[in-house]
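These notes are about the structure you will find just below.
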Amino acid sequence: MALTVIVLSVMVAAALWSVVTLTMLRAAIGLALVSVLLAVALFTLGATLAAVFELSIGAGLIPVLFVSVVSLTRRQQQEEHPLVRRIHLRRFWPLPILLLAAGIALTFVHLPIAVAPALPEGGPRAIFWASRRLDLFGQVLIVIAGALGIVVLFKEGPK
Amino acid sequence: MAYAFVILPFFALILANLLPRRARAPVAFGLTFALFLAQAAAALVLLVSRAGGLAEAGAVAPSGSPGAGLEALLGFHLRLDLWSLVAILSAGVVGVGVLPVAWSTMRDEGRRLTFASLLLINLMGIDGVALVTDLFSLYVFIEIVSISTYVLIAMGGEAQAIEGGFKYLVLSGVATVLLLAGIALLTLTEGDLSFASLARAAGTGGGLGRLGVILFAAGLLTKGGFVPFHWWVPDAYTGAPTAVSALMAGIATKASGTFGIVRVVLALSQGGGAIREALIGVGILSIVVGAFAGLAQRDAKRMLAYSSVSQVGYIVAGLAAGNLLGLLGAALHFFSHAVCTSQLFGNVASLERATGSSGLDRSGGLGKGMPITAGTSVLASLSIAGLPPLSGFWSKLLVVIALWQTGHQGYAVTAVVASLLTLAYFIGWHRRTFWANADPAVRPAVEGGAAFLLPAIALSVVNVGIGLGSPFIIGLFVR
């Protein structure tokens, strides 16, 4: 429980950093960090299936695609100006307060969740190989498509 | 047979990339073309042989464990029903039409190989979406279509292509979050990931279950470019290489969004009336907004993009109407629009080659030099606008009748009026591009060659053939 709370807190902080930061590259790295922490939280909560997918696609492939696109763009110089930075930060100051308030409020709300039967028992190997083999095949295809994308984008560069 | 649709493109992908460097691109294109053609033929044969069972298409198959034979060896379960066959047939026909155009517009061998490899992955994604039996697998295969489509859009390398691809990637990411949140809530409240869980959640799942269905549907509507989630569509279609735009408008966007909605609506035929009513509303909104936006465009690709937004609205509205005519009209419009839109994008590729632009104001009088492109464009446009006796007329007629019969008379009239707007912007396009007086200073344009003309003629034959044969085809399904 304590680990989950710590992981979720750091995840929220990383998400905030992603939104607030002025550099797109840092935002993409922040997004990757959020996905890694979300995968850890899913593992600790026993959702192995979701965790593995989140780790490979959310934390692996998608941020790489974002970074590859960002690397093809030119940075706007005026973003570095201190005034721009101050205005940008001022725009987002209510965000952490809203998140904190929502977190506190949710601890008092009783969600009417019906107790549903659990997903198949067993470790990741049993879940993937026995019942989700098609999804595993699909994931291989996603990784191949992403790899082709990175090769194409980095090889050719912007025109 | 269902397994072949997913497995064979994978072997083709491996084979094409293992050959000697010089042979890779031509073999990859040849194999991909052969697979699309074989897929279209197989789906057509299966569709005709099973035509009588359309009513069963609404039945939701359980996500059961694998049975015997090949199924046991592969360890997964696929379902082949009439809706799967419509999607697989559409993908096959669109692929056959798009590949020659892509070959002709790409000169670099490396780019041709990458394009063919991505197209094979895209095909596996589309076929997977059509064949899977549960929500999570549907999500996985939708992601395959999305990521391969993103790379196909951006592979042009121009700033516009990267912008279009980036917008698609961001919106696709938002849609993914919605889909996963929906799946999470459905797993939480229903305990399984079958399509049937959607009906249970919408009926007896309480607030959280219904929220799960709504989030899942919103994710699919975003992927499918429905209003109000449509703003990425014109940029993506305009920025992508035209052959990719043809693929996207013809089948890829439909497979990743519209087909998912088809599965949701079919599952909700056993409940979820309010959500189905909302989906009819979304369909009509897409029809109207797409038609008005199409009128205002100055670029042929953007106009076709908005036209696609409008036409997918007919599919969802007809299907969500919930009777047999609506189902049939939606399925026919799915196929008809795939054929006509991909053909029109192919024609635009030919115009781009002739004039260097897809802008409506930079061409005129092209009809004399490009009579076949002009003629086939007119046929496809009139079909999309719903004029008899072309395929789009019958599909729209069935959708309008279905809406009227199910008590949505206002929506039915709106759908007819939007069709007139569609006709108006297509007439405007043809007048300016093909029939207006040409600028004497500009060199007369000529046809782009067999790679453009043969697919256009073949797709026009399909369009006219389906139109003329529709009474017979409809008779096969409604006995």
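Respectively, the protein sequence lines represent chains A and B. For the first sequence, the working numbering assigns the number 1 to the initial residue and increments by one for each residue that follows. For the second sequence, the working numbering assigns the number 160 to the initial residue and increments by one for each residue that follows. Positions of the beta carbon are idealized from the N, C-alpha and C atoms, including for glycine. Keep in mind that this is a model prediction, so the values were computed, not measured.
Taking the CA atoms as reference points, residue 58/A sits about 12 Å from residue 306/B. Annotation: the continuous alpha helix (DSSP H) that includes residue 30/A extends over 24–44. Between the segment 287–304 of chain B and the segment 528–538 of chain B there are fewer than three inter-stretch CB-CB distances shorter than 8 Å, so the stretches are not counted as touching.
Along the segment 13–37 of chain A, none of the residues has a CB nearer than 7 Å to a CB of chain B. Secondary structure of residue 516/B (DSSP, three-state): coil. Note on geometry: alpha-carbon atoms of residue 425/B and residue 358/B lie some 9 Å from one another. Scanning 594/B, 620/B, 566/B, 300/B for the CA closest to the CA of residue 252/B turns up 620/B.
Taking the C-beta atoms as reference points, residue 190/B is found nearer than 8 Å to residue 174/B. Contact between residue 505/B and residue 355/B does not hold, since the beta-carbon distance rounds to 40 Å and is not under 8 Å.
Taking C-beta separations shorter than 8 Å and ignoring five residues to either side along the sequence, the partners of residue 565/B in its chain run 480, 481, 482, 485, following chain order. The way I'd put it, the segment 506–514 of chain B doesn't touch the segment 567–579 of chain B; fewer than three beta-carbon pairs between them come closer than 8 Å. Residue contact with chain A for residue 295/B: present (Cβ-Cβ distance below 8 Å to some residue of chain A). Residue 605/B has its alpha-carbon roughly 11 Å from the corresponding atom of residue 524/B.
The C-alpha of residue 392/B is placed about 6 Å away from the C-alpha of residue 384/B. Membership of residue 283/B in the alpha helix (DSSP H) is indicated by the continuous run 268–290. Looking only at 106/A, 97/A, 68/A, the smallest Cα-Cα distance to residue 147/A is reached by 68/A. The beta-carbon separation of residue 19/A and residue 66/A, rounded to 14 Å, does not stay under the 8 Å limit for a contact.
By the criterion of a C-beta distance shorter than 7 Å, residue 541/B is surrounded in its chain by 549, once the five residues flanking it on both sides are discounted.
When rounded, the separation of the alpha-carbon atoms in residue 319/B and residue 411/B is 20 Å. In chain order, 65, 149 make up the part of chain A whose C-beta sits under 8 Å from the C-beta of residue 309/B. Around the beta-carbon of residue 281/B, 16 or more other beta-carbon atoms lie within 10 Å, marking it buried. The Cβ-Cβ distance between residue 533/B and residue 585/B does not fall below 8 Å.
The segment 394–408 of chain B makes contact with the segment 317–333 of chain B; the number of CB pairs closer than 8 Å reaches 3 or more. Boundaries of the alpha helix (DSSP H) harbouring residue 82/A: 82–91, taken from the DSSP string.
If only uninterrupted alpha helix (DSSP H) runs of at least 4 residues are considered, those enclosed by the segment 452–499 of chain B are 459–480. Under the Cβ criterion (8 Å, minimum of three pairs), the segment 253–268 of chain B does not count as touching the segment 290–302 of chain B.
Taking 9 Å as the cut-off between beta carbons, the residues of the segment 41–60 of chain A near chain B are 47, 49, 50, 53, 54, 57, 58, in sequence order.
At a cut-off of 8 Å between C-beta atoms, residue 101/A does not count as an interface residue with respect to chain B.
In this structure, residue 360/B sits near residue 368/B, with a CB-CB distance shorter than 8 Å. Between the C-alpha atoms of residue 346/B and residue 54/A there is a straight-line separation of about 17 Å. With three or more CB-CB distances shorter than 8 Å, the segment 3–18 of chain A counts as touching the segment 32–44 of chain A. The beta carbon of residue 500/B is closer than 8 Å to those of 405, 408, 409, 463, 466, 467, 470, 539, 543 in its chain, skipping five residues each way along the sequence. Going by beta carbons, residue 247/B and residue 202/B fall inside the 8 Å limit. Remark: C-beta atoms of residue 570/B and residue 433/B do not approach each other more closely than 8 Å. Using a 10 angstroms sphere on the CB of residue 390/B, the tally of other CB atoms stays under 16, which defines it as exposed.
Residue 161/B is classed as buried because its beta carbon has at least 16 other beta carbons within 10 Å across all chains shown.
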